[in-house]
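Have a look at the structure below before the remarks.
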Amino acid sequence: MRIDKELTAASVVPLLLLLLEQEESYGYRIIKRIRECSQGHWQWSEGMLYPVLHRLEQRKWIESFWHMAESGRRRKYYRLTALGRKELHRQLEQWRMIYGTLSQLGFEHQSQEKQDEREE
Amino acid sequence: MGSDIDIEQEITNWKQALKEQAGLSADDLQELEDHLRDQMDELERGGLAKREALLIAMLRLGQPQNLIAELSKVHSDRLWKQLFAPSHTTAQAAGHSRRELVQVILAAVLAALLGKIPLLFGISLSDPTGGGEEFYFRNLSLFVAPVLLCGFYFWRRFSTPLVAWLAGMLLITALTANLYPFQPGSNTSGLVALHMPLLLWLVIGVAYCGDDWRSTRAVWDFTRYSGEFFIYSVLIAAGGMVFMALATAFAEALGIQAENFLMEWVGFSGLLGVPIVAAYLAEKKRSLIANMAPMLAKIFIPLFLLLMVALILTITVLGQDLMQDRNTLILIDILLMLVVGMVLYDLSARDEAAPFGPADTLNLALMLAAIIIDCYALAGIAGRLGLYGFSPNKTAALGENILLLANLAGLAVGYIKYALRQGSLQHLLSIQTRFWPFYLVWLAFVVWIMPLLYNFR
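As structure tokens, this is what we get:
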């Protein structure tokens, strides 16, 4: 399944903030984590991720630091800032609202029905 | 292992491409490199050979162009900000760049102060006889060149014989320009004024290359540097002119008689500071302007080609004599100089691995058109020399004309050979390096010896 470009663009920031709230991470690992969490369906491209990371850093929602990796190379890690945590909660609030609206309109029910139709 | 070295080389090339095309900082590059290597490690663990892993990892990261387009959207401010505030993360590096900034400002002030030394001898720019103006015009480059030469010495630390040679060139130029008893408003003084900056620029070029001045690579680096220096100077000077125009207009609006003061202290000092700042920027920020300059060349090469084809058609079809006006020879010199400059600049920024393409055909056409025009001009002037003899201006212009023509012809031959795959680009580049000493000798002749030959007329 492919996620629409617009939907990716809209969700990449909260996903990144959420991910970085759980653990400090770096570009390569972030892409891997997203792939894992989406059961291998969602492959973020580097060309999208790094610009977004840098933009979030400019906004001071996340901050970066260099750390020596096990590989012996210097690696750039990102972590959430206090400002970023606030932003995360603000955005999650909105997502919850969207999700709640979808639920009210029978979102779970709909997708279940579709599934059943296909299985028949 | 040989292939390991190849792979490291590939990674270096990839980084270099990223670095040259975008305003990426060293940190950004390292971040991307780390990503590339992580990807490679995982692919290798999955059973791929190192080389295959590299290819796929590069493919995943996307073409440098795509990455750059995305990254520079975020950092479009950085492209300009980076000029003065590099994105170093460590405090030490930040301190280093601050110190550099202070040094550049001091150097610019030093050049401005050098320009004030003649005041101690009572030579003023606003001297009503106009003699002062002529003096400053002739010596303009002498206020700047010592500062630049010192700067390059601190950057490069070259050997004593080279220092002696550079100092000698500077000293002879300074002495001849100021001890010769030029007649007021003389042609030879004007010629010295026009040629001295070029002569000193070549001397600075030797300092730029340092003890490597024999290497083709270093000489071409300087060629590219010259183009970038020129562009930076024009940009800064344009800003300076806007500033001066506004300042003068405000002074006038307020009824303050400040025009002379502004011209002598702000305008003149600024004028001397421009090349210092431009030289620094062109040296330190080479990857930035590299985006702009080849594009400028690509815009203007076709335009100049059109102009010259129109000229050739007018001369051949209408039978117009190109040499009717005595200023034409100078015009042609300027045209040839621009053509040589643009072609050299384009060559210096060229990817050596790229095959002969449409842009090269344009370059070649431009050179051939310039050669044809120059031949017309020379034919025209040959007929007149017998009648009017050699005036100082004509001698100087003719010398340059012949030099530029020889240079263009040499380049064109090298280019054609390269197009026919009979010679390498490397050979073409090395042809050009052989011409520079001739320019140096001719310019030195015009500045040091011609005034003597013509009795300072």
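Just so you know, the protein sequences line up as chains A and B, in that order. Numbering follows the working numbering, in which position 86 of the first sequence is assigned residue number 86; successive positions increment by one, without gaps. Numbering follows the working numbering, in which position 381 of the second sequence is assigned residue number 501; successive positions increment by one, without gaps. Even glycine gets a Cβ: it sits at the ideal position worked out from N, Cα and C.
Quiz prompt | Beta-carbon proximity check, N521/B vs D453/B, cutoff 7 Å | solution = yes
Quiz item: So what does H67/A bridge to, in DSSP terms?
Solution: R75/A
Quiz item: Going along the segment 122-134 of chain B in order, which residues come within less than 7 Å of chain A, judged by CB to CB distance?
Solution: none
Practice problem: Report the neighbours of R73/A on chain B: residues whose CB is nearer than 7 Å to its CB, in chain order. | Solution: D154, R157
Practice problem: Report yes or no: is there a C-beta of chain A within less than 7 Å of the C-beta of E151/B? | Solution: yes
Quiz item: When Cβ atoms are compared, which residues of the segment 84-110 of chain A fall closer than 7 Å to chain B?
Solution: none
Practice problem: Note the first and the last residue of the continuous alpha helix (DSSP H) segment covering K514/B. | Solution: 512-539
Quiz item: Are the beta-carbon atoms belonging to H315/B and L540/B less than 7 Å from one another?
Solution: no
Exercise. Could you round the C-beta distance between V437/B and A516/B to whole angstroms and report it? I think they count as a contact, below 8 Å.
Key: In fact, because the Cβ distance is near 32 Å, the residues do not count as touching under 8 Å.
Quiz item: So which of P281/B, P512/B, R219/B, N380/B has the shortest CA-CA distance to E253/B?
Solution: Measuring from the Cα of E253/B, the nearest candidate turns out to be N380/B.
Quiz prompt | Chain-order list of residues whose beta-carbon lies under 6 Å from that of P206/B (same chain, five-residue window excluded) | solution = Note that P206/B scores a pLDDT of 40, beneath 50, so its modelled location is shaky; the value from the coordinates is reported in the next line. The answer, listed in chain order, is S217.
Quiz item: Enumerated in chain order, which unbroken segments of the alpha helix (DSSP H) with a length of 4 residues or greater are wholly contained in the segment 327-362 of chain B?
Solution: none
Quiz prompt | K76/A: contacting residues in chain B (beta-carbon distance under 8 Å) | solution = What K76/A touches in chain B: D147, Q150, E151, D154.
Quiz prompt | Spatial neighbours of E384/B in its chain, beta-carbon cut-off 6 Å, leaving aside the 5 residues before and after | solution = Cβ within range, chain order: L245.
Quiz item: When the cut-off is 7 Å and only beta carbons count, does L179/B lie next to chain A?
Solution: No, L179/B does not count as interfacial toward chain A.
Quiz item: Secondary structure at I225/B, three-state DSSP: helix, strand or coil?
Solution: helix
Exercise. Just the C-alpha distance for F257/B and A313/B, rounded to the nearest angstrom, thanks.
Key: 6 Å
Quiz item: In whole angstroms, what is the alpha-carbon distance linking W61/A and L53/A?
Solution: Those two C-alpha atoms are separated by around 10 Å.
Quiz item: If we cut at 7 Å on Cβ distances, does E46/A have a partner in chain B?
Solution: Between E46/A and chain B, the shortest Cβ-Cβ separation is below 7 Å.
Quiz item: What is the DSSP secondary structure of S468/B, reduced to helix, strand or coil?
Solution: helix
Quiz item: When burial is assigned at 16 or more other CB atoms within 10 Å of the CB, is Y99/A buried or exposed?
Solution: exposed
Quiz item: If you draw a straight line from the alpha carbon of F342/B to that of L320/B, how long is it in whole angstroms?
Solution: 14 Å
Quiz item: Applying a beta-carbon distance threshold of less than 7 Å, which residues of chain B neighbour G27/A?
Solution: E151, H155
Exercise. Starting from the C-beta of D494/B, find all residues in its chain whose C-beta is less than 8 Å away, skip the five residues before and the five after it, and write them out in chain order.
Key: I452, L456, N521, L524, L525, L528
Practice problem: Please specify which runs of the beta strand (DSSP E), each continuous and at least 3 residues long, are wholly inside the segment 127-186 of chain B, giving them in chain order. | Solution: none
Self-check item: For K236/B and G242/B, the rounded distance between their alpha carbons
Solution: Distance between the alpha carbons of G242/B and K236/B: 10 Å.
Practice problem: Report buried or exposed for S511/B, applying the criterion of at least 16 other Cβ atoms within 10 angstroms of its Cβ. | Solution: S511/B is exposed by the Cβ-count criterion.
Exercise. Thinking L290/B and L322/B are a contact (beta carbons under 8 Å), I'd like their distance in whole angstroms, please.
Key: With 8 Å as the limit, L290/B and L322/B do not qualify as a contact, their Cβ atoms being about 12 Å apart.
Quiz item: Are three or more beta carbon pairs between the segment 276-293 of chain B and the segment 347-362 of chain B nearer than 8 Å?
Solution: no
Exercise. Identify whether I62/A lies in helix, strand or coil by the three-state DSSP scheme.
Key: strand
Quiz item: Does the beta carbon of M457/B come closer than 7 Å to any beta carbon on chain C?
Solution: In the structure shown, chain C cannot be found, because the protein chains are A and B.
Quiz item: Below 7 Å between beta carbons: does that hold for L486/B and I419/B?
Solution: no
Self-check item: Complete beta strand (DSSP E) runs within the segment 242-303 of chain B (minimum length 3 residues, chain order)
Solution: none
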